[in-house]
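To keep things clear, I will list the structure first and then write my remarks on it.
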Amino acid sequence: MGIISLFVAAVFTNNFILVQTLGICPFLGVSKKTESALGMGVAVTFVMVLASAITYAIFKWVLVTLDIAFMQTIVFIFVIAALVQMLEMVLKKVSPSLYSSLGVYLPLITTNCAILGVAVANLALASLLEAILNGLFCGIGFTLAIFLMSGIREKLDKVNVPKCFKGFPITLITACFMAMAFGVFA
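Every letter in the sequence shown is one number past the one before it in our numbering, and letter 96, counting from 1, is 1133.
Here is the structure:
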């Protein structure tokens, strides 16, 4: 698969949030401010890239070799959890403000089904490089979706929305329209 087609597929056509509806929890929870949304997007992208590389290598060269490929989900979750713990420690030291703005959603990256979905989807790819690039491009798609949603939500806070639609209802309606817009790429 070519790099450009892999990029378009991961970012637009098969966007994990807006097309495959994976990773909705941080999408709805952290998208209130663009700074925290961008931070979450970068953190998820970082974990996706590393998880893609490590899980692909472990699956192809360890689990398949030892004929225990059925253990992939458990192994992948352990790898993702370890990566998130390392990321959490680094963010706490390097950027305490981002660490506190992400709050409970940072440890929830461990159970973010988009990351596990990318790791499993990568197993169908031909090489480690394609898996790493797919992880990067899916992370970019995740970041794009959450960043766009945060910008829209910041604007929606300033406009006159009917009382019954304020808050979470208008957020879900917005997410629906975004999903329809990204669905056009399919």
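In this text, a Cβ means the ideal position worked out from N, Cα and C, and glycines have one as well.
(message) Judging by CA-CA distance, which residue of G1176, F1202, L1165, T1208 is the nearest neighbour of M1186?
(response) T1208
(request) May I ask which residues mark the beginning and end of the alpha helix (DSSP H) holding P1144? (result) Looking at the DSSP string, P1144 is not in any alpha helix (DSSP H), and its letter there is neither H nor E.
(request) For G1176, I'd like the list of residues in its chain whose CB is within less than 7 angstroms of its CB, leaving aside the five on either flank, ordered along the chain. (result) V1081, T1082, M1085, V1086
(message) I'd like to know whether the C-beta atoms of G1178 and A1090 end up nearer to each other than 8 angstroms.
(response) no
(request) Out of G1039, S1073, L1043, state which residue places its alpha-carbon closest to the alpha-carbon of T1180. (result) S1073
(request) Using a threshold of 8 angstroms, state whether the C-beta atoms of C1062 and L1145 are closer than that. (result) yes
(message) Using the Cβ count rule (16 or more neighbours within 10 Å means buried), how would you classify F1214?
(response) exposed
(message) Is it the case that the region 1119-1136 contacts the region 1191-1206, given that we only count it when at least three CB pairs across the two stretches are under 8 angstroms?
(response) The region 1191-1206 is not in contact with the region 1119-1136.
(message) Please report the straight-line C-alpha distance between A1212 and A1168, rounded to a whole angstrom.
(response) Roughly 28 angstroms separates the two Cα atoms.
(request) Can you tell me which of the three DSSP states K1097 falls into? (result) helix
(request) Entirely within the region 1053-1104 and at least 4 residues each: give me those alpha helix (DSSP H) ranges in chain order. (result) Segments of the alpha helix (DSSP H) lying fully in the region 1053-1104: 1061-1066, 1071-1095.
(request) Compare the beta carbon distance of A1151 and L1043 with 8 angstroms and say whether it is the shorter of the two. (result) no
(message) On the DSSP letters alone, give me the boundaries of the alpha helix (DSSP H) that V1121 sits inside.
(response) 1109-1131
(message) Taking only three categories from DSSP, how would you classify L1173?
(response) Here L1173 carries a helix assignment [DSSP, helix/strand/coil].
(message) Nearest by alpha-carbon distance to F1222: which of G1039, F1049, S1138 is it?
(response) F1049
(request) With a threshold of 16 other CB atoms inside 10 Å of the CB of A1156, please say whether the residue is buried or exposed. (result) buried
(request) Pull up the distance between the alpha-carbon of V1067 and that of G1076, whole angstroms please. (result) When rounded, the distance between both Cα atoms is 9 angstroms.
(request) Please classify I1054: is it buried, with 16 or more other beta-carbons within 10 angstroms of its beta-carbon, or exposed? (result) buried
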